[in-house]
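Colleague: In this note's numbering, the protein residues as written are 13 to 336.
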Ligand code: ASP
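#1: Report all residues from its chain with a CB closer than 8 Å to the CB of residue 130; omit the five preceding and five following residues, and keep chain order.
#2: Could you tell me if residue 228 is buried or exposed, where buried requires 16 or more neighbouring beta carbons within 10 angstroms of its beta carbon?
#3: Quick one: is residue 168 buried, meaning 16 or more other Cβ sit within 10 Å of its Cβ, or exposed?
#4: Rounded to whole angstroms, what's the CA-CA distance from residue 96 to residue 171? Just pull it up for me.
#5: Need the endpoints of the alpha helix (DSSP H) that residue 285 sits in, please.
#6: Between the beta-carbon of residue 75 and the beta-carbon of residue 219, is there less than 8 Å?
#7: May I have the straight-line CA-CA distance separating residue 79 from residue 277, to the nearest angstrom?
#8: The ligand ASP and residue 219: does any heavy atom of the ligand fall closer than 7 Å to the residue's C-beta?
#9: At the level of alpha carbons, what is the spacing between residue 357 and residue 55?
#10: Comparing alpha-carbon positions, which option in 136, 257, 307 lies nearest residue 250?
#11: Can you say whether residue 173 is buried or exposed, counting buried as having 16 or more other CB atoms within 10 angstroms of its CB?
#12: By the three-class DSSP mapping on this structure, what secondary structure does residue 304 have?
#13: Counting beta carbon pairs with one atom in the segment 62-75 and one in the segment 39-48, are three or more of them shorter than 8 Å?
#14: For the ligand NAD, any of its heavy atoms closer than 7 Å to the Cβ of residue 81?
#15: Is residue 326 buried or exposed, if buried means 16 or more other CB atoms sit within 10 Å of its CB?
#16: Under a Cβ-count criterion, where at least 16 other Cβ atoms within 10 Å of its own Cβ denotes burial, should residue 211 be classed as buried or exposed?
#17: Buried or exposed: which applies to residue 274, given that a residue is buried once 16 or more other Cβ atoms fall within 10 Å of its Cβ?
#18: Select from 158, 270, 215 the residue whose C-alpha is nearest the C-alpha of residue 72.
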């Protein structure tokens, strides 16, 4: 935040999932690739905000780029269901007026976040699922792809490991001798972005392939407004990553805003309480990114790591991090 003025600098924060570390498996090259990907996306978001772009456009751009990058479990590189299919979830919310859009269980929309935004801007609905959501996206001129577009051999091997162990796992969580900084068998692989723009507006966006080996038809927290995604100019913009079922039960994203609104908590305290107390109380693991209307940013997680970063207008370099 600008210390000299009451107008905070626009800022963007992003995440690429949280989970368990397998530090022994990290090659410096792998770690550098994650930092470089996060930094590139933050720079793009910062440039858009610096030109007077909206928070909504900044989070949309960042999630587009995260979806396209196979390092992250969203869009290309998404995890597999137990039926070896892909079912993607995404949501976006505009803190100006609480407008929101989301899609769930879609398997052919190349960029699910764009479909979520189309639901918000071009339908009277908030959440659309499955074939109906795909037909709507196509009618909106969004690109549909063969489901094989989302598949990578890395994710197929991850599914086989999860099935051998008979578990449902977060993307960066759960076994395997891979070379990624976070153990891909036990990492939550959602991506997300939150931003504050020069007009003082907040926005949040989240996109995910869900959890490896999930049942077909399972929907996580990411596309559920108030669970994995929320934005309200009066409090904060929040995007979550973690064990979706617990984030749904805790209304995690909304709970951060509610603690600020009803309890007068700071963003930092509200976010910490949700991630370090409310979620662990029901065995919820993961983290979130959040920004408030004064430009404060909070990036708490209760796992060993979370791919994350932030950059303000005026910063020469982005901040990026994986581990604690
Ligand atoms: N929260 C996501 C879900 O449950 C998973 C993740 O964050 O990786 O679908």
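Backbone N, C-alpha and C fix where the C-beta goes; we use that ideal spot for every residue, glycine too.
Modeller: Taking the geometry as given:
#1: 113, 148, 149, 152, 154, listed in sequence order.
#2: Residue 228 is exposed by the Cβ-count criterion.
#3: Classification for residue 168: exposed.
#4: 8 Å
#5: 279-285
#6: yes
#7: Near 33 Å, if we compare the C-alpha coordinates of residue 277 and residue 79.
#8: no
#9: In this structure the chain extends from 13 to 336, so residue 357 is not present and cannot be described.
#10: The shortest C-alpha separation from residue 250 is found at 307.
#11: Flag for residue 173 reads buried.
#12: strand
#13: no
#14: Within the structure as shown, the ligand NAD is missing, the only ligands being the ligand ASP.
#15: exposed
#16: exposed
#17: Classification for residue 274: exposed.
#18: 215
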